[in-house]
Amino acid sequence: VTNVEQTWIRLQTILPNFKLIGTNQAKALCPSHDDKSPSLSISKTKHFIQLNCFAGCTYKEIVAATGMKKTDFSNKIKTSTKSPKEVCRYNYQDEKGNTICSVVRYKPKQFKRVRSFEGKEIWNWSGIEPPPYNLPKLKEAISNEQPVFFVEGEKDADNLTKFGFCSSTIAGGAGKWKKYYEKYFKDADLILVPDNDLPGRKGMEKVGIEIFSVVKRLRWLKLPNLPPKGDISDWIEIEKGNSEKFEKVVQETAVDWDSSKLLPFEWTSGIVDEGHSPAGCFDEWPDPEDFNAKLFEELNQKYAIAPVGNKTLILEESEEEIRFLTPSDFNLALENKFAFDNSGKYPKRIPAYKWWRVHAERREYNRVDFLPEIETPDGVFNMWKGFAVQPKGGLENIPLFHELLDEVICSGNEKCALYLWSWLAHVVQFPKEKPGVAVVLRSDAQGVGKSCFVEYVGSLLGRHFRTVTHGRHIHGNFNSHLKDTLMLFGDEAVWGGDRSTESILKQLITEPSMIIEMKGKDVFEVRSYLRLMLATNSEWAAPVGLTDRRYFVLDVSNSRKNDHDFFGNLIYEQNHGGSEALLQILMDFDLNDFEVRSIPETS
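All residue numbers for the sequence shown refer to full-length UniProt numbering, where the first residue is 1 and numbers rise by one.
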C-alpha cells in the first residue's frame with residue numbers, strides 16, 4: 001500500500017465530518033482552525049493528496065494539524081533504469097492491407113505510436129486519421145453480412161480474431177471515438193463488447209450512440225462470469241478458448257440496442273461490477289422535457305450566477321455554506337451530469353454545466369449581500385438563511401444554561417447578567433442593528449464553561465455562527481468565512497498583544513460594512529452585522545484598556561471548573577429542546593429599556 005493510500009485511509013479516521021463526494025474526492029472539517037462547516041477539500045491522485053481550505057489555511061498548516069508530514073501526502077515515484085522492451089506492434093491498415101501507422105507495445109507496459117515516412121520511423125501520428133483496427137477483415141465481414149465484434153483494445157481484437165471471429169477497435173479504445181469512423185462501419189452487424197468496468201461501459205455507450213443510425217444492426221454483449229475490470233481476453237482465458245461456448249453466449253446474451261430504451265450512466269441503478277444491466281437494456285427512457293425540467297429545478301435551486309468584485313462567478317448554495325465557484329470549478333462539479341438535446345432525430349446527451357449556463361431562466365443576481373431579517377431588494381442574493389431552530393419553550397426548559405449564564409459567566413453579578421441576556425436578545429430581535437459592543441469572557445483557568453456557553457448560543461444561528469481559534473481568522477487577509485457570519489466566537493489565541501490588529505478588531509465591532517477577500521478571487525463588500533464574542537485565559541483580554549466601551553469584559557467564575565457531569569448535562573439540554581427554548585426566551589425578552597452601548601461596570 002502506497003503512502004498516498006495509507007494517508008487517505010488515515011484521514012478518514014482523524015478528520016471530523018470526513019465525507020466522500022467521489023471516488024477520490026472528499027470534504028471535512030479543517031483541523032487547522034475551529035471549523036463548524038466543512039471547509040476542507042481533499043482530493044487524491046495516484047501520487048499525491050491535495051488539501052485546500054476555503055477559510056484560508058495553508059497547506060503546511062493543515063498538514064501540521066493532522067500530525068503528519070508532507071512526505072505522507074505523496075509517493076516517491078521510482079524511475080526504472082531498464083530500457084523498455086518491444087513486445088509487439090499493432091498495425092493499422094488501409095482496405096488493401098497496407099500499414100498506415102502502428103501502436104508499439106512495450107514491457108514494462110507502455111504504448112507508443114509510430115508511422116513510416118520516406119523509409120524512416122516517425123514517432124507520432126501527426127496528420128494521420130487512423131482507420132479502425134483490422135480494416136480489411138472488417139470490410140470483408142460487412143460485405144459477407146457477418147457479425148463484427150467491437151472491443152476495447154488491439155490485444156482483445158487479435159485474441160477474438162484467433163477464435164475465427166471478425167473483431168475491430170479504434171486507437172486509444174472506444175472512449176476515443178470520432179465521427180469519421182462511422183463510414184467504416186456502415187451497414188455492419190455490430191456487436192459491442194465492453195470491458196467490465198464503468199469506463200468500459202461509458203466508452204462503448206459513446207460508440208453506440210454515435211453509430212446506431214449507420215449500422216445495419218447493433219447489439220450489446222455482456223459476458224458472463226467476467227471479473228471486475230475484466231475484458232474479452234480475460235474471458236477467453238477463463239473459458240480456455242472455447243469458441244463454441246462463445247457462439248452460444250452471443251446467441252443467448254447479445255441484446256439488440258434500442259435507442260428509445262437507452263439510459264445514460266448517471267440514471268442507471270448501478271454498474272456492471274454489481275451485476276446490473278448494461279446500457280441498451282433498460283426498460284424506460286425518460287421523457288426529455290420532463291427530465292430537463294427536473295434537472296433545471298435541481299440546478300437552479302443550488303446554483304446561481306452572481307458578480308463578485310469584477311468577476312462573474314457561480315454561487316453554490318448548500319445547507320452548510322455558500323461558496324463561489326469559478327466557471328472551471330463549476331464545470332468540474334457537474335462533469336458527470338447531463339441534460340437532453342432533443343432537437344435531432346434521437347435524443348443526445350449534452351453537458352449539464354453548458355446547458356444550465358446558457359439557459360434563459362437560470363438564477364442570477366446583480367449583487368451578493370448579507371441582510372439578516374431585512375427585506376431583500378430585487379436582484380440581490382441574500383446570504384441570510386434565518387435561525388437554525390424554531391422557537392419553542394421557556395426558562396423552565398433551560399435550567400442549566402440559566403445557571404451557566406447567571407452564576408458562572410457573570411459570576412452572580414445581576415447587572416452583568418441582565419446586560420448579557422439583553423445583548424443576546426438584541427442579536428435575535430434586532431439582527432440588522434449592529435451593537436458596536438463585543439463580549440469578552442475572561443478567566444484564569446480552562447474548563448470553566450466559556451466555550452460551552454457560546455456554542456449553546458451559536459446553535460441558534462447555525463451557518464451564521466463561526467468559531468475560530470487563531471487570530472489570523474479574525475484579522476488575517478482571507479476572511480471569506482465572515483461573509484455571512486452574524487456571530488463570531490474567538491476562542492483563545494485571538495489577541496496576542498499585537499497592537500497592529502487593534503484597528504481591525506474595532507472595524508469588526510463597529511463598522512457597518514466589511515470587505516470580503518477570498519483566495520484567488522476578487523474582493524467584494526457586504527454589510528456587516530457581526531457580533532463578536534472573545535474568550536481568553538489571559539490576564540489581558542482585549543487590545544485596549546478595560547475602560548474602552550467597545551468591550552463588555554466578564555471575569556468568569558471557576559465554580560464549574562472541569563465539572564464534566566454538569567457540562568455533559570448542559571450539552572444534553574441544548575440538544576433536547578434547549579436551543580429552541582433559548583430562542584423563544586430571547587425573542588420574548590423585554591428590551592424597551594435596554595441601551596446596548598450602556599455597559600455596566602465589570603472591573
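Ideal Cβ placement from N, Cα and C applies to all residues, glycine included.
Of the choices the options, whose alpha-carbon is the least far from that of residue i?
i, options, result
"residue 616", "161, 101, 329", "A query on residue 616 cannot be resolved here, the shown segment of the chain reaching from 1 to 603 and no further."
"residue 430", "290, 587, 523", "587"
"residue 225", "60, 527, 195, 213", "195"
"residue 571", "200, 416, 399", "399"
"residue 580", "389, 432, 435, 517", "389"
"residue 371", "360, 324, 433, 5", "433"
"residue 409", "394, 216, 397, 444", "444"
"residue 578", "122, 253, 594, 455", "455"
"residue 561", "190, 312, 407, 369", "407"
"residue 379", "369, 104, 200", "369"
Can you give the Cα-Cα distance for residue i and residue j, rounded to whole angstroms?
i, j, result
"residue 391", "residue 428", "11 angstroms"
"residue 73", "residue 21", "19 angstroms"
"residue 69", "residue 32", "14 angstroms"
"residue 419", "residue 439", "11 angstroms"
"residue 310", "residue 525", "12 angstroms"
"residue 12", "residue 109", "33 angstroms"
"residue 166", "residue 339", "36 angstroms"
"residue 186", "residue 139", "10 angstroms"
"residue 511", "residue 176", "57 angstroms"
"residue 468", "residue 376", "29 angstroms"
"residue 625", "residue 24", "The requested residue 625 does not occur in the structure, where the chain is confined to residues 1 to 603."
"residue 464", "residue 42", "24 angstroms"
"residue 67", "residue 326", "32 angstroms"
"residue 101", "residue 86", "16 angstroms"
"residue 145", "residue 228", "33 angstroms"
"residue 272", "residue 198", "In this predicted model, residue 272 has a pLDDT of only 31, less than 50, meaning its place in the structure is not dependable enough to derive any value."
"residue 362", "residue 303", "9 angstroms"
"residue 19", "residue 47", "21 angstroms"
"residue 131", "residue 343", "30 angstroms"
"residue 553", "residue 290", "60 angstroms"
"residue 147", "residue 301", "48 angstroms"
"residue 274", "residue 201", "Per-residue confidence for residue 274 stands at a pLDDT of 34, beneath the threshold of 50, marking its modelled position as unreliable; the derived number appears in the next sentence. The alpha-carbon atoms of residue 274 and residue 201 are separated by roughly 13 angstroms."
"residue 557", "residue 28", "35 angstroms"
"residue 36", "residue 17", "10 angstroms"
"residue 384", "residue 514", "15 angstroms"
"residue 296", "residue 307", "21 angstroms"
Use the C-beta contact count for residue i: other C-beta atoms within 10 angstroms, 16 or more gives buried, fewer gives exposed.
i, result
"residue 276", "Residue confidence is low: residue 276 scores 36 on pLDDT, short of 50, so the model does not pin down where it sits. Its coordinate-derived value is still stated next. With fewer than 16 Cβ atoms within 10 Å of its Cβ, residue 276 is classed as exposed."
"residue 604", "What is shown of the chain runs 1 to 603, which leaves residue 604 out entirely."
"residue 328", "exposed"
"residue 585", "buried"
"residue 111", "exposed"
"residue 485", "buried"
"residue 244", "exposed"
"residue 89", "exposed"
"residue 397", "buried"
"residue 355", "buried"
"residue 180", "exposed"
In chain order, what residues of the same chain lie with their CB nearer than 6 angstroms to the CB of residue i, ignoring the 5 residues before and after it?
i, result
"residue 223", "235"
"residue 204", "174, 192, 194"
"residue 382", "371, 376"
"residue 449", "404, 408, 560"
"residue 415", "600"
"residue 299", "356"
Between residue i and the rest of its own chain, which residues show a CB-CB distance below 8 angstroms, the 5 nearest in sequence each way excluded?
i, result
"residue 97", "136"
"residue 3", "71, 72, 73, 74, 75, 76"
"residue 335", "351, 353"
"residue 123", "112, 113, 114"
"residue 387", "428, 460, 461, 462, 583"
"residue 7", "49, 68, 72, 73"
Does DSSP classify residue i as helix, strand or coil?
i, result
"residue 468", "strand"
"residue 578", "helix"
"residue 288", "helix"
"residue 72", "helix"
"residue 6", "helix"
"residue 30", "coil"
"residue 536", "strand"
"residue 305", "strand"
"residue 451", "helix"
Using a Cβ-Cβ cutoff of less than 7 angstroms, which residues in the same chain neighbour residue i once the five nearest sequence positions on both sides are dropped?
i, result
"residue 549", "597, 599"
"residue 350", "338, 339, 341"
"residue 591", "422, 425, 426, 429"
"residue 53", "30, 32, 39, 40, 62"
"residue 125", "101, 113, 115"
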